[in-house]
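Asks: Just dropping this structure here.
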Amino acid sequence: MKKSALFILGFLVLSNFIALGAVFYLEQPGVLEVNFFDVGQGDAIFIETPKKHQILIDGGPSSVILEKLNKEMPFWDRSLDLIILSHPEKDHLTGLLAVLKRYKVENILWTGVIKETSGFGEWQDLIEKEKTKEGAKIIIAEAGKKVSASEVILEILNPLENLEGKTVKEVNDTSIVSHLIFGENSFLFSGDISDKVEKRLVLNDLPLKFDVLKVAHHGSKYSSSEIFLEKVSAKIAVICVGKNSYGHPTEEVLTRLEKFGIKVLRTDQDGDIKIFSDGENLKLKTQSQKSKVTVLN
Ligand SMILES: [Zn+2]
1 MKKSALFILG
11 FLVLSNFIAL
21 GAVFYLEQPG
31 VLEVNFFDVG
41 QGDAIFIETP
51 KKHQILIDGG
61 PSSVILEKLN
71 KEMPFWDRSL
81 DLIILSHPEK
91 DHLTGLLAVL
101 KRYKVENILW
111 TGVIKETSGF
121 GEWQDLIEKE
131 KTKEGAKIII
141 AEAGKKVSAS
151 EVILEILNPL
161 ENLEGKTVKE
171 VNDTSIVSHL
181 IFGENSFLFS
191 GDISDKVEKR
201 LVLNDLPLKF
211 DVLKVAHHGS
221 KYSSSEIFLE
231 KVSAKIAVIC
241 VGKNSYGHPT
251 EEVLTRLEKF
261 GIKVLRTDQD
271 GDIKIFSDGE
281 NLKLKTQSQK
291 SKVTVLN
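Quick look at the structure:
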């Protein structure tokens with residue numbers, strides 16, 4: 001084929017994509033999407049704001065995250081606006097290493113806490129490289145800090161203090177807890193915190209009332225205490241969980257969620273879970289329901 005023909009073909013393909021992109025956008029004006037990916041035992045939550053800002057909270061335990069992102073992002077899009085590492089444990093960290101190798105990341109939010117876990121040294125090297133070579137901004141999480149992506153706000157509720165360079169006993173309790181607000185809708189991402197941190201959040205009278213709760217620590221019985229669930233008063237609880245030897249999610253937690261009448265979604269049973277918000281109403285799409293969209297009341 002001649003060079004000019006190649007160029008024209010390339011142009012046509014490109015203009016098709018622009019048209020498709022525009023149609024998709026027009027069909028869903030002002031919609032926030034929150035994806036809880038089925039990545040096995042671990043967390044990986046991908047958020048796309050109405051203005052197409054992309055945020056990834058944790059990467060799960062493996063490079064499966066790359067396949068998941070491929071399905072949600074156009075193939076030419078190789079950058080993410082923000083990645084968040086809730087805490088440096090393998091089931092949250094490992095996938096982010098693969099993400100940092102494939103994508104350009106504009107902002108990296110984490111606690112800076114030190115944990116001698118496999119992959120941690122590589123994490124430190126990769127984020128330093130992303131900062132020096134690509135100009136990424138590294139933000140140390142602390143309660144009160146807010147990330148604003150046009151009309152969507154992500155506010156940090158935990159940890160209370162700057163943990164940069166510190167070593168702690170209970171790394172789960174250092175998890176970044178964040179509160180995503182879009183219009184009337186709100187989501188709470190709780191990492192792997194235990195009931196100790198939950199209690200503190202309740203006692204400090206933080207604005208806890210949410211539509212969607214990402215259940216802490218994959219449904220561990222040492223999290224999701226009654227006092228916390230009552231205060232959060234979520235409509236939907238999402239448990240990010242896969243095959244594991246810890247008994248997650250535990251009967252205790254499932255019973256407590258049921259007691260408060262909270263609808264439970266699980267990535268091990270529902271597959272990838274997608275929740276849409278227009279700022280007032282929520283809609284749900286899961287792999288298990290063959291991607292049928294249902295309105296949540
Ligand atoms: Zn975990």
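In full-length UniProt numbering, the protein residues as written are 1 to 297. From the three backbone atoms N, C-alpha and C, an ideal C-beta is built for every residue, glycine too.
From the DSSP output, which residues share a beta bridge with R266?
Replies: Looking at the DSSP assignment, R266 forms a beta bridge with I239.
Asks: Would you mind sorting V293 into buried or exposed? The rule is 16 or more other CB atoms within 10 Å of its CB.
Replies: exposed
Asks: Label E226 either buried or exposed according to how many other C-beta atoms from any shown protein chain fall within 10 Å of its C-beta, with 16 as the threshold for buried.
Replies: exposed
Asks: According to the neighbour-count rule (16 or more other Cβ atoms, all chains shown, within 10 Å of its Cβ), is A22 buried or exposed?
Replies: Bear in mind that the predicted position of A22 carries a pLDDT of just 37, short of 50, making it too unreliable to give a figure here.
Asks: Is the number of C-beta pairs between the stretch 70 to 80 and the stretch 202 to 212 that are closer than 8 Å three or more?
Replies: no
Asks: Rounded to whole angstroms, what is the Cα-Cα separation between V147 and E155?
Replies: 6 Å
Asks: What residues in its chain sit with their C-beta under 8 Å from that of K137, if we drop five residues either side in the sequence?
Replies: E106, N107, I108 and K131
Asks: Do the stretch 230 to 239 and the stretch 257 to 276 meet, that is, are 3 or more Cβ pairs less than 8 Å apart?
Replies: Contact between the stretch 230 to 239 and the stretch 257 to 276 is present: 3 or more CB-CB pairs across the two stretches fall below 8 Å.
Asks: Tell me which same chain residues have a C-beta within less than 6 Å of the C-beta of F37, skipping the five on either side of it?
Replies: A44, K68 and D272
Asks: For the candidate residues E280, T250 and L56, whose alpha-carbon lies nearest to that of F182?
Replies: E280
Asks: Starting from N281, follow its DSSP beta bridges and name the residues at the other end.
Replies: Beta-bridge pairing links N281 to no other residue.
Asks: Mark F187 as exposed unless 16 or more other C-beta atoms lie within 10 angstroms of its C-beta, in which case mark it buried.
Replies: buried
Asks: Using a 10 Å radius around the Cβ and a threshold of 16 neighbouring Cβ atoms, would you call K221 buried or exposed?
Replies: buried
Asks: Quick one: measure Cβ to Cβ for H217 and N172, integer angstroms, because I've assumed they're closer than 8 Å.
Replies: Rounded, the Cβ-Cβ distance is 6 Å, consistent with contact.
Asks: Do S86 and I57 come within 9 Å of each other at the CB atom, strictly closer than that value?
Replies: yes
Asks: Flag D43 as yes when its Cβ comes closer than 8 Å to any non-hydrogen atom of ligand 1, and as no otherwise.
Replies: yes
Asks: Could you check where the alpha helix (DSSP H) with I127 kicks off and where it finishes?
Replies: F120 to E134
Asks: The alpha helix (DSSP H) with N70 in it runs from where to where?
Replies: It spans V64 to E72 - the alpha helix (DSSP H) in which N70 sits, taken as one unbroken run.
Asks: Taking its Cβ as the centre, do 16 or more other Cβ atoms sit within 10 Å of W110, making it buried, or is it exposed?
Replies: Per the 10 Å Cβ criterion, buried.
Asks: Note down the Cα distance separating E151 from W76, rounded to an integer number of angstroms.
Replies: 25 Å
Asks: Please say whether F276 and L32 have beta carbons closer to each other than 9 Å?
Replies: yes
Asks: With C-beta atoms as the reference, is Q41 less than 9 Å away from K214?
Replies: no
Asks: Which same chain residues end up closer than 6 Å to F120 when comparing Cβ atoms and leaving out the 5 residues on each side of it in sequence?
Replies: P88
Asks: Using the Cα positions of I176 and V113, report the straight-line distance between them to the nearest angstrom.
Replies: 11 Å
Asks: Quick check on V39: does DSSP put it in helix, strand or coil?
Replies: Coil, per DSSP.
Asks: With a threshold of 8 Å (Cβ to nearest heavy atom), would H92 be considered close to ligand 1?
Replies: Indeed, a heavy atom of ligand 1 lies less than 8 Å from the Cβ.
Asks: Is the distance from the Cβ of residue 303 to the Cβ of L126 below 9 Å?
Replies: Since the first residue of the chain shown is 1 and the last is 297, residue 303 is not available in this structure.
Asks: Assign Q289 to buried or exposed, taking buried as 16 or more other Cβ atoms, counted over all protein chains shown, within 10 Å of its Cβ.
Replies: Q289 should be labelled exposed.
Asks: Bridge partners for N158 per DSSP, in chain order?
Replies: According to DSSP, which records beta bridges pairwise, N158 is partnered with V177.
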